[in-house]
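Quick note on numbering: numbering that gives the first Met the number 0 labels position 119 of the sequence shown as 118, and the sequence is numbered without any gaps.
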Amino acid sequence: MPTRFPWMLVLTILSLVPIQLRAAEERPRTVSVSGGGEVSAEPDLAYVTLGVEARRPALAEARTEVSNAVDGLLKLTRDLRIDPKYVNATRLQVQPEYNWNSKDRKRVPIGYVVSRQVQVELRDLEQLGPLLERAVDAGANQINGPSLDSSRRKELEREAMGKAVEDARLNAEALAKAAGVKLGEVRSLNGSSSGPPMPMYRAGVAMMDAAAGPPPPEATYAAGEMKFTASVNAEYDLVVGP
């Protein structure tokens with residue numbers, strides 16, 4: 000008795016053809032593009048860390064020296080009318096200091112290193128010059144900064160993102176026009192934004208030595224502009240026909 004299996008296989012394959020054709024017809028026509036945006040702004044914030052460090056044989060002597068210097072720096076911020084809520088004096092750090100005695104093959108204590116920092120957030124950049132110029136005389140022997148920032152950071156990053164989305168849409172429209180089709184709705188959209196690094200002292204970066212005093216004002220306090228950038232990837236539908 001002849002088998003009907005080959006005929007059943009042929010019928011099954013033929014029945015799948017319309018399904019495959021419909022899938023091909025229903026597959027969405029899309030275009031993928033990228034876009035970029037940039038926004039510039041003048042900084043209106045500055046972050047400065049004023050540090051004091053003392054090395055002395057006696058702990059009490061080192062602590063007194065550091066405490067007196069920090070008092071002088073805090074007085075400087077008050078003299079400059081910097082809001083106390085934007086001034087932070089960190090805890091005292093104490094570390095024993097040793098020399099290695101190669102003859103006896105052991106460490107020999109020689110004194111202590113004591114340090115402390117005064118972190119200042121400036122909301123008025125007019126105070127930046129006087130603060131840095133007078134910090135060494137007030138007791139600082141280490142200075143980190145200034146690190147500049149904007150109080151509108153989030154707003155500026157979003158503005159750059161908006162420009163990036165618009166740039167992506169224009170790129171998609173150009174491609175659609177060149178292909179003789181129309182641009183449809185956005186299917187997917189993702190992006191990222193970035194600005195200048197956040198203030199250095201908040202990230203715990205080591206301070207620069209300021210034993211020779213602060214840099215000349217003319218080489219230090221030109222704020223310039225900050226740039227905030229964003230990029231996006233987008234996918235749009237393509238519409239064929241009228």
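Ideal Cβ positions, reconstructed from N, Cα and C, are used throughout, including at glycine.
Original post:
Helix, strand or coil: how does DSSP classify residue 102 here?
Top reply: Three-state result, residue 102: coil.
Original post:
Quick one: what's residue 86 bridged to in DSSP?
Top reply: 119
Original post:
Shortest alpha-carbon distance to residue 109 belongs to which of 61, 118 and 175?
Top reply: 61
Subject >> Reference residue 176; option with closest CA among 97, 240, 35 and 119 >> reply: 240
Original post:
Which whole-angstrom value describes the C-beta separation of residue 165 and residue 236, a residue pair presumed to lie in contact below a C-beta threshold of 8 Å?
Top reply: Wrong, their Cβ atoms sit about 18 Å apart, outside the cutoff.
Original post:
To the nearest angstrom, how far is it from the Cα of residue 228 to the Cα of residue 147?
Top reply: 17 Å
Subject >> Among 153, 195, 187 and 238, the one whose alpha carbon lies nearest that of residue 33 >> reply: Nearest to residue 33 by alpha-carbon distance, out of 153, 195, 187 and 238, is 187.
Original post:
What's the C-alpha gap between residue 100 and residue 93?
Top reply: 23 Å
Original post:
Shortest alpha-carbon distance to residue 46 belongs to which of 160, 144 and 88?
Top reply: 144
Subject >> residue 111 and residue 95 closer than 7 Å at C-beta >> reply: When the beta-carbon positions are compared, residue 111 and residue 95 come within less than 7 Å of each other.
**OP:** Report the partner residues of residue 225 according to the DSSP bridge assignment.
**Re:** 40
Original post:
If you draw a straight line from the alpha carbon of residue 81 to that of residue 55, how long is it in whole angstroms?
Top reply: 32 Å
Subject >> Between the CA atoms of residue 48 and residue 201 - distance to the nearest angstrom >> reply: Confidence in residue 201 is poor, its pLDDT being 39 and thus under 50, which makes the residue's placement unreliable; the coordinate value appears in the next sentence. Distance between the alpha carbons of residue 201 and residue 48: 10 Å.
Subject >> Beta-carbon gap between residue 178 and residue 231 smaller than 7 Å >> reply: no
**OP:** Note down, in chain order, each residue of its chain lying with its Cβ closer than 6 Å to the Cβ of residue 195, except the 5 sequence neighbours on either side.
**Re:** 225
Original post:
Since residue 51 contacts residue 68 with CB under 8 Å, what's their CB separation in whole angstroms?
Top reply: 4 Å
Original post:
How close, in whole Å, do the beta carbons of residue 89 and residue 116 come, if the pair is a contact with beta carbons under 8 Å?
Top reply: 5 Å
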